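Q:
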Amino acid sequence: MTETIESAAQDDARRQPQPHEAHPRRRPRIHRAWIVAAVTFVTIIGGAAFNSLPGLLIDPLHTEFGWSRGEIGLAVSIDMALYGLTAPFAAALMDRFGIRRVVAAALTLVAAGALASVWMTASWQLMIYWGLLVGLGTGSMALAFAATVTNRWFVARRGLVTGILTAAGASGQLVFLPLCAWIVDEHGWRPASVTVALAALVVVPFVWLPMRDHPADVGLAPYGGVYVEKPAPARGAARRTVTVLFKAARTGPFWLLAGTFAICGASTNGLIRTHFVPSAHDHGMPITAAASLLAVIGVFDVIGTIFSGWLTDRFDARRLLAVYYALRGISLLFLPMLMAPDVRPPMVFFIVFYGLDWVATVPPTLALCREQYGEDSAIVFGWVLASHQVGAAVVAFLGGVARDVFGSYDVVWYASGALCAVAALMSLVIRRARAASGAASG
Numbered sequence: 008m009t010e011t012i013e014s015a016a017q018d019d020a021r022r023q024p025q026p027h028e029a030h031p032r033r034r035p036r037i038h039r040a041w042i043v044a045a046v047t048f049v050t051i052i053g054g055a056a057f058n059s060l061p062g063l064l065i066d067p068l069h070t071e072f073g074w075s076r077g078e079i080g081l082a083v084s085i086d087m088a089l090y091g092l093t094a095p096f097a098a099a100l101m102d103r104f105g106i107r108r109v110v111a112a113a114l115t116l117v118a119a120g121a122l123a124s125v126w127m128t129a130s131w132q133l134m135i136y137w138g139l140l141v142g143l144g145t146g147s148m149a150l151a152f153a154a155t156v157t158n159r160w161f162v163a164r165r166g167l168v169t170g171i172l173t174a175a176g177a178s179g180q181l182v183f184l185p186l187c188a189w190i191v192d193e194h195g196w197r198p199a200s201v202t203v204a205l206a207a208l209v210v211v212p213f214v215w216l217p218m219r220d221h222p223a224d225v226g227l228a229p230y231g232g233v234y235v236e237k238p239a240p241a242r243g244a245a246r247r248t249v250t251v252l253f254k255a256a257r258t259g260p261f262w263l264l265a266g267t268f269a270i271c272g273a274s275t276n277g278l279i280r281t282h283f284v285p286s287a288h289d290h291g292m293p294i295t296a297a298a299s300l301l302a303v304i305g306v307f308d309v310i311g312t313i314f315s316g317w318l319t320d321r322f323d324a325r326r327l328l329a330v331y332y333a334l335r336g337i338s339l340l341f342l343p344m345l346m347a348p349d350v351r352p353p354m355v356f357f358i359v360f361y362g363l364d365w366v367a368t369v370p371p372t373l374a375l376c377r378e379q380y381g382e383d384s385a386i387v388f389g390w391v392l393a394s395h396q397v398g399a400a401v402v403a404f405l406g407g408v409a410r411d412v413f414g415s416y417d418v419v420w421y422a423s424g425a426l427c428a429v430a431a432l433m434s435l436v437i438r439r440a441r442a443a444s445g446a447a448s449g
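Positions 8 to 449 (the working numbering) are the ones given, in order, by the sequence shown.
So, in structure tokens, the structure goes:
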């Protein structure tokens, strides 16, 4: 009898409205978290549209305005550097002002920079429009955006969602590179820039209407979790971001991780993404063909990242990084010999191999940050990501200067291959977490 009364009381309790709801609501057939994740995926693709453009416009801008490739590379480097340096603070901004406001403002900045470039007449305008405006905008939609959405809206399936959202950047490259290359080839660079601006603006309503900052805004628990109240806007998050940087900078592993990831950025975004198309065009390859090869890199990028994550769970992350950088360096040394007016099997092999290795370094680098810095690892990884973009920015600029000075990109490929060999050695000397923590405490 007592058990029956207790059971009835429990049933009554279940029927009572939850504290956060005036009335009980039926669980939706599709959890709102998946809608938010889909909007995030589309938003990252829209933001990735601009990243597809710089390498396609170096030759057209050089031809029309007479600007040196070094000047154009400097604008691209400003964009990449700001992308990286904004990323550690993006999560703090989202905690303070909300995801929707920050991302909508970021997309508007990207659109404004891309549209304004249509009327530019001087290289300093290129640096403001492409470098400053687009750099700040895309930086606010970097990995911090995906990480914030995943942490707030998901408890179950976080790994799956993180992988999908990380792949959105590569998907954007796959979608926009061939399209923008065709537009540049058939109609000129200005319509391509307008296309990128429109892609950013079209996404803004999707962010503002279905997106919500927190599950509690719609009276839901995160997917796979329990209901929690929405926290108050965080203050001092930016200060903590800087504090963690100074704390990590006192340890050796931070500089080794930042150094290797800077070389990673130099040999991917700064080198291949920025200079592969103009380099192939120097050898007579059509822009559309070279851009299609970069798009193929985006396909195998997704496969390589997922497989690298699987390997990271099973093998020493240091050794994986050493292998990745060594193989990347060897492939870059062979690249000048593969350039030709048409696409041949050896070049296809390089593209597939390089795609598999493109961001394969991310899972082991993130794992080492987690191993070394524990609860501060996400912020530390944000700063390591900033070094990635700074490395990309330096090579985006110096690559253009080298092309102006030497008349070809060959020296750039060889120098980047040597840098990858240095990164492989640096990966092997990263100390174990126990030794690193001891050094930090000392």
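The beta-carbon is built from N, C-alpha and C at its ideal position, and this holds for glycine as well.
Just so you know, these numbers come straight off a predicted model, no measurement behind them.
1) Can you pull the DSSP bridge partners for TYR230?
2) Considering just the uninterrupted stretch of the alpha helix (DSSP H) at GLU78, what are its terminal residues?
3) Out of PHE360, ALA324, GLY232, VAL330, which one is the CA nearest neighbour of PHE341?
4) Among ALA297, ALA273, TYR380, whose alpha-carbon lies nearest the alpha-carbon of GLY424?
5) Taking the alpha-carbon of TYR172 as reference, which of ALA55, ILE337, LEU432 has the nearest alpha-carbon?
6) Alpha carbon to alpha carbon, how far is TYR234 from SER200?
7) Do you know how far the Cα of ALA430 is from the Cα of THR267?
8) Should PHE104 go down as buried or exposed, given a rule of 16 or more other Cβ atoms within 10 Å for buried?
9) Where do the N-terminal and C-terminal ends of the alpha helix (DSSP H) with GLY407 fall, by residue?
10) Cβ atoms of ILE358 and ILE304: under 9 Å apart, would you say?
11) Could you tell me the alpha carbon to alpha carbon distance between ILE135 and ARG280, rounded to whole angstroms?
12) Would you call the segment 334 to 351 and the segment 210 to 223 touching, i.e. three or more CB-CB distances under 8 Å?
13) What would DSSP say about LEU60, mapped onto helix, strand or coil?
14) Since I believe TYR416 is in contact with HIS282 (beta carbons under 8 Å), could you give me their beta-carbon distance rounded to a whole number of angstroms?
15) Around the C-beta of TRP137, are 16 or more other C-beta atoms found within 10 angstroms, so that it is buried, or is it exposed?
16) Which of the three DSSP states, helix, strand or coil, is assigned to VAL366?
17) Are the beta-carbon atoms of PHE261 and GLN379 separated by less than 9 Å?
18) Between ALA245 and the rest of its own chain, which residues show a CB-CB distance below 7 Å, the 5 nearest in sequence each way excluded?
19) Please name the residue in PRO353, MET346, GLY362 whose C-alpha comes closest to that of ARG335.
20) Does the distance from the C-beta atom of ARG325 to that of SER434 stay below 9 Å?
21) Is ALA255 closer than 9 Å to VAL436 when the C-beta atoms are compared?
22) Apart from the five residues on each side of it in sequence, which residues of its chain come closer than 6 Å, Cβ to Cβ, to SER299?
23) On the CB-based measure, 16 or more other CB atoms within 10 Å of its CB, does VAL397 come out buried or exposed?
24) Which two residues bound the contiguous alpha helix (DSSP H) that contains ASP320?
25) Look at the alpha carbon of ALA121 and the alpha carbon of VAL182, and state the distance between them as a whole number of angstroms.
26) Given MET354, which residues of its chain have a CB within under 6 Å of its CB, disregarding the five upstream and five downstream residues?
A: Based on what the coordinates show:
1) PHE161
2) 76 to 104
3) PHE360
4) ALA273
5) One detail in the question is off: residue 172 reads as Leu in this sequence, not Tyr. It is ALA55 whose Cα lies nearest to the Cα of LEU172.
6) 44 Å
7) 5 Å
8) exposed
9) 384 to 413
10) yes
11) 21 Å
12) no
13) coil
14) 6 Å
15) buried
16) coil
17) yes
18) PHE96, ALA99
19) GLY362
20) yes
21) no
22) PRO185
23) buried
24) Counting along the chain, ASP320 falls outside any alpha helix (DSSP H), and DSSP gives it neither H nor E.
25) 18 Å
26) LEU345
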